[in-house]
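Working notes, beginning with the structure itself.
Number of protein chains: 2
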Amino acid sequence: MPQDGQPFQFRTVGDGTGVDYTGTFSQEEVQLALRNRGMPLEALRYSVTPTGLHYLLTHFDIPDVDTASWRLNVGGLVSNPLNLTLEDIKTFPVRSSAVTMECSGNGRALWSPRRLTQPWLLEAIGTAEWTGTPLQGVLEEAGLSADAVEIVFTGLDQGVEGGQVRHYERSLTVSDAIREEVLLAYEMNGEALPPQHGAPLRLIAPGWYGMASVKWLGAIEAIGDAYDGFHNRRAFRFLQGPDGEGEPVTLMRRRALMVPPGIPDLLTRTRVLDAGLVPLIGKAWAGRSKVVRVEVSSDAGETWADAELGESVSPYAWRPWSYEWLAKTGSHVLCVRATDSEGEVQPLEQDWNYGGYANNGVQRVDVIVT
Amino acid sequence: MPQDGQPFQFRTVGDGTGVDYTGTFSQEEVQLALRNRGMPLEALRYSVTPTGLHYLLTHFDIPDVDTASWRLNVGGLVSNPLNLTLEDIKTFPVRSSAVTMECSGNGRALWSPRRLTQPWLLEAIGTAEWTGTPLQGVLEEAGLSADAVEIVFTGLDQGVEGGQVRHYERSLTVSDAIREEVLLAYEMNGEALPPQHGAPLRLIAPGWYGMASVKWLGAIEAIGDAYDGFHNRRAFRFLQGPDGEGEPVTLMRRRALMVPPGIPDLLTRTRVLDAGLVPLIGKAWAGRSKVVRVEVSSDAGETWADAELGESVSPYAWRPWSYEWLAKTGSHVLCVRATDSEGEVQPLEQDWNYGGYANNGVQRVDVIVT
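Chains as they are written, first to last, in numbering that gives the first Met the number 0: chain A, 0 to 369; chain B, 0 to 369.
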């Protein structure tokens, strides 16, 4: 395999600005949309997303990892470097938790101009029951130094990005990494972690957008400075153009989504349903915060009514909501929005950024009632 | 829910011809690409596709079926109509079989002009181990009449297509339906059938494109004439324009695919790898026929060399192949093609049709060797 750092240039997609202004999509984006996998929004009906329906973003390729020879290296600023088999990791305390995860690019393709990469609309979400061990215990076993500032997680997946060969690699600050909910996970929904979700071992960072939960973990390294790698410093930043430093993308912004009611038109996915009382249901989440209010609109966000809130199956899982809508004959645009425990309300439209990150503008569902 | 037959018209996508001539993609197609799920081609390394990586085409929505109250009705030209629970169906003889399934639209988006619907490139494939009971035994139990000509399978999924509300519904001739490999399946890869693959019960018609394997079965009806429904008579036909009768799409055409070697560029998915001996691997299949030859080209199909063939895990599963490629520095286009037991060779380019069905033109993989 090529070495990390080796430079490559490929053909230009679009006009070379990295974003699309035409409102149409390129074959390269469609290719990504077909490799990556959204959760069809009718699956919002499930508290825990059935296996095989959770969203899936594979940054490079799904690597071919042999679990028998695989090891997790824990090194850097530690007094007792570790080299662990999966069986070793299973001797640490076991913890299971339902966690809602959303891709940081969810909503990207609803913006114009649109960054030329995975063109998510609203389906890059899911909730799974993850089983593993708290990262904190493994770092303790390794004797994490008081000088450590950040923890770097290196995936075994490799590809070319930003003109160079790289592994996928992200860091968390020590204080974020040692939170009790952060897991090294080896099971998903009660089964061995499947290859596409990071087998044999992945990080789960509840509350964060999915980019933090590094898959196919090969190494964990404690370092004494702020990490300077590509996937923290260049990618996943709020920018207004291709250059600059900006702010990092971190926790999931508040958002509610609904199961589109009725039945779909095959191509446009416009919904059709009969007049009368229509149960609307869905889920809402807000990073590490709690969703305290969900409102529904049937007039494209002009007026809002409170939905009823249910209870989450875990502190880091989405909260169910429901609303009885009296549907009258005609065309409607249904919307839903969440408010979190900090009092922040999900916006009708979110401010644009160059990378197309964290667009939590409200869902719009076109409905025809007959 | 609206009634089958109720007419609806929706906004026009594109120029109204039903196909795209621009080479760019619409948001409606991207929306479908994000709902439906391709198998990333690196998963061709597995004989049986891991759960959650099999391709998935959901024609309308995934319906919310309550297994406890669900029944399978078997009626029409039978002497003993049946109304079966899932537990009843599990008392019939159990059969498991690994079956390769490909969507009839696989390859559609490689053609120009391109039909405006799900824009598959090459990833609409997968192989699963299905467990259920042969349909034949259930039809015998129902006392299938000698007057029966076709068997109609009705799914519980509903939507608007061709301007009308419909259920998804397809038929097989009696002779195709009573073949021993045709299953009513309630398990996939050893687990209960997941919602998105047709729970609680689906048809599995090995050798056919996926449209024949009706999901979320509600009813099976024996009829005395050729079935005249939309999904047999209008959709899934080889046509040169929007009108006409054409020939039906039936069994999967011969095709070989490879795992793209090396590592990818993030956006273009161009492959990068080091010079030297490179193991190329993949799978090949051919409807009900056997693949007898697989050839590889590293010069875009100018010259071909024989790959080594392995054995299928079942008669209806894809056949593995491998080839040691001596990769030299430079740019290459890798191709692979299958020949079946009838001596038919997969074409470099397949003849176009309006619906974008059964495009088995050979895969092209752009590779840069350093």
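Ideal placement from N, C-alpha and C gives every residue a C-beta, glycine not left out.
| Query | Result |
| --- | --- |
| Could you tell me if the beta carbon of A:THR90 falls within a distance shorter than 7 Å of some heavy atom in the ligand NAD? | What this structure holds is no ligand at all, so the ligand NAD is not there to describe. |
| Starting from A:LEU31, follow the alpha helix (DSSP H) in both directions and report where the run begins and ends. | 26 to 34 |
| Could you name the residues of chain B that A:GLU122 contacts, counting a contact when the two beta carbons are closer than 9 Å? | GLN30, LEU33 and ARG34 |
| I believe A:THR126 touches A:VAL98 by the beta-carbon criterion, under 8 Å. Please report the beta-carbon distance rounded to the nearest angstrom. | 7 Å |
| Is it right to say A:ASN327 is buried, meaning 16 or more other beta carbons lie within 10 angstroms of its own, or is it exposed? | As written in the sequence, residue 327 of chain A is Lys, which differs from the Asn given in the question. Label assigned to A:LYS327: exposed. |
| Between which two residues does the alpha helix (DSSP H) holding B:ARG232 run? | 229 to 232 |
| Mind checking A:ASP224: buried by the 16 CB within 10 Å criterion, or exposed? | exposed |
| Distance cutoff 8 Å, beta carbons only. Does B:TRP119 sit that close to anything in chain A? | yes |
| If you count every other CB in all the chains shown that lies within 10 Å of the CB of B:GLN362, and 16 or more means buried, which is it? | buried |
| For B:GLN163, which of helix, strand or coil comes out of DSSP? | strand |
| Starting from the C-beta of A:ILE88, find all residues in its chain whose C-beta is less than 6 Å away, skip the five residues before and the five after it, and write them out in chain order. | none |
| For A:GLY275, does the count of other Cβ atoms within 10 angstroms reach 16, so buried, or fall short, so exposed? | exposed |
| Quick one: which chain A residues come within Cβ less than 8 Å of B:MET0? | GLY261, ILE262, LEU272 and ASP273 |
| How far does the beta strand (DSSP E) with A:LEU279 in it reach, from first residue to last? | 275 to 284 |
| If we count the other Cβ atoms within 10 Å of its Cβ and call it buried at 16 or more, is B:ARG70 buried or exposed? | exposed |
| For chain B, is any of its Cβ atoms less than 8 Å away from the one on A:ARG169? | no |
| For the alpha helix (DSSP H) containing A:ASP87, name the first residue and the last one. | 85 to 89 |
| Contact criterion: CB-CB distance below 8 Å. Does A:THR153 meet it with respect to chain B? | no |
| Going by DSSP, what residue range makes up the beta strand (DSSP E) through A:GLY125? | 124 to 133 |
| Got a sec, what are the start and stop residues for the beta strand (DSSP E) B:ASP365 sits in? | 364 to 368 |
| Using a 10 Å radius around the Cβ and a threshold of 16 neighbouring Cβ atoms, would you call B:GLY281 buried or exposed? | buried |
| Smallest Cα separation from A:GLY17: which of B:TRP317, B:TYR322 and B:THR267? | B:THR267 |
| Using the rule of at least 16 other Cβ atoms within 10 Å of the residue's Cβ for burial, across every protein chain shown, is B:GLY342 buried or exposed? | exposed |
| A:MET0 and A:GLN157 look like a contact to me (Cβ under 8 Å); what is the Cβ gap, rounded to whole Å? | 6 Å |
| Residue range of the alpha helix (DSSP H) that A:ALA176 falls in? | 173 to 176 |
| Residues of the region 56 to 77 of chain A with a CB closer than 9 Å to any CB of chain B: list them in chain order, please. | THR57, HIS58, PHE59, ASP60, ILE61, PRO62 and ASP63 |
| Taking 8 Å as the CB-CB limit, is A:THR126 close to chain B? | no |
| Classify A:SER288 as buried or exposed, calling it buried when 16 or more other Cβ atoms lie within 10 Å of its own Cβ. | buried |
| What's the C-alpha gap between B:ARG236 and A:GLU41? | 29 Å |
| Taking the alpha-carbon positions, what's the A:GLY355 to A:GLY104 distance? | 6 Å |
| Tell me the DSSP secondary structure of B:PRO260 in three-state form. | coil |
| Can you check whether the C-beta of A:LEU265 is within less than 8 Å of a C-beta belonging to chain B? | yes |
| Look at the alpha carbon of B:ALA306 and the alpha carbon of B:PHE229, and state the distance between them as a whole number of angstroms. | 42 Å |
| Ordered along the chain, which non-local residues of its own chain (more than five positions away) have a Cβ less than 6 Å from that of B:TYR322? | LEU279, VAL295 and ALA306 |
| Verify whether the separation of the beta carbon atoms of A:LEU85 and A:THR57 is less than 8 Å. | no |
| Going along the chain, which residues of its own chain have a beta-carbon closer than 6 Å to the beta-carbon of A:THR130, five neighbours each way excluded? | SER95 and GLU186 |
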